[in-house]
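Each protein sequence line maps, in turn, to chains H and A.
Per our numbering, residue 276 is the first one in the first sequence, and the count goes up by one each step.
Per our numbering, residue 276 is the first one in the second sequence, and the count goes up by one each step.
Backbone N, C-alpha and C fix where the C-beta goes; we use that ideal spot for every residue, glycine too.
Number of protein chains: 2
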Amino acid sequence: MLIINYLNYFFMKINCPLNYTMTLIGTKWKPLVLFHLLEGASRSGVLQKKVPEISNKMFTQTVRELEKDGLISRKVYPVVPPKVEYKLTKRGESLEGILRSLDKWGVEDCKN
Amino acid sequence: MLIINYLNYFFMKINCPLNYTMTLIGTKWKPLVLFHLLEGASRSGVLQKKVPEISNKMFTQTVRELEKDGLISRKVYPVVPPKVEYKLTKRGESLEGILRSLDKWGVEDCKN
DNA sequence: ACACTATAATACTTTTTAGTAAGTTATTGC
DNA sequence: GCAATAACTTACTAAAAAGTATTATAGTGT
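See the structure below:
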């Protein structure tokens, strides 16, 4: 199963850039979280409040996956209570064009 | 349930353009189908073959939803065997920027 | 001792999305 | 009268994504 995912990943990367991109950001919450991080680094709780409808579980899951895929980075400050900061990596920043065009399209479409 | 979807739709449209856009194109196959239609109108079978991995069912379901949302139009020629052509509407065409940036990002990311 | 904090994990359920396989239609050409 | 055609539908199953509710951690202030 793992090997199949692995092969599938490279197959798509080469043959279908668009779908490849979608596998990295095509979930309900990923684009939103990334979009808010365009404003700059944010600590966990603050970022989560920017997406008020997201559940605790989905927030954690979303940032975990974004981190695993190298789109955001996670910095833990060894204090109590804990402090965690997320920010876009270079790779994540390169999504800015996509994120802004998704947002802009929604705004424009709303006018009709 | 229907009324809730309806309200939710307008809520999102106003409050979260990015997510609103994603509800229209954020499935496994929609972006790909739309992307291929950027080349111009295409009849059903031809379009489906451009997305070779898609199942018959998902193809129909995908174009049905895109049509319902006014992103593509469907023209039936009254011949036998049937001939059906799909093409982007104006609204669908306005997604070009998003679709190309999704594709381009995948291509660029592949280089790393 | 105990509540409070910010962050996160886990178990479990529900909902949504996608896949498989088979059937339908209505005419043409043999 | 039967196969071939293009487009589509339906019933059923499987997999993925998302939601709910509960619990964990570990030091601080009372």
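Nearest Cα to L377 (chain A) within the set H:S348, H:K379, H:I373: H:I373.
Just so you know, the alpha carbons of N331 (chain A) and K365 (chain A) end up roughly 26 Å apart.
In summary, the residues of the segment 371 to 387 of chain A whose CB is separated from some CB of chain H by less than 8 Å are G372, I373, L374, S376, L377, D378, K379, W380, G381, V382, E383, D384, C385, N387, in the order they occur in the chain. A contact is defined here as three or more CB-CB pairs under 8 Å, and the segment 347 to 361 of chain A fails this definition with respect to the segment 338 to 349 of chain H. Listed by position along chain H, the residues whose Cβ is nearer than 9 Å to that of L312 (chain A) form an empty set, because the closest Cβ is around 13 Å away. In this structure, the CA atom of G345 (chain H) is about 26 Å from the CA atom of F310 (chain A). Only buried fits K305 (chain H), as 16 or more other CB atoms lie within 10 angstroms of its CB. DSSP, read as helix, strand or coil, puts V382 (chain A) in helix. DSSP places V308 (chain A) within a helical segment (H, G or I) once states are collapsed to three. Taking 8 Å as the CB threshold, Y295 (chain A) lines the interface with chain H.
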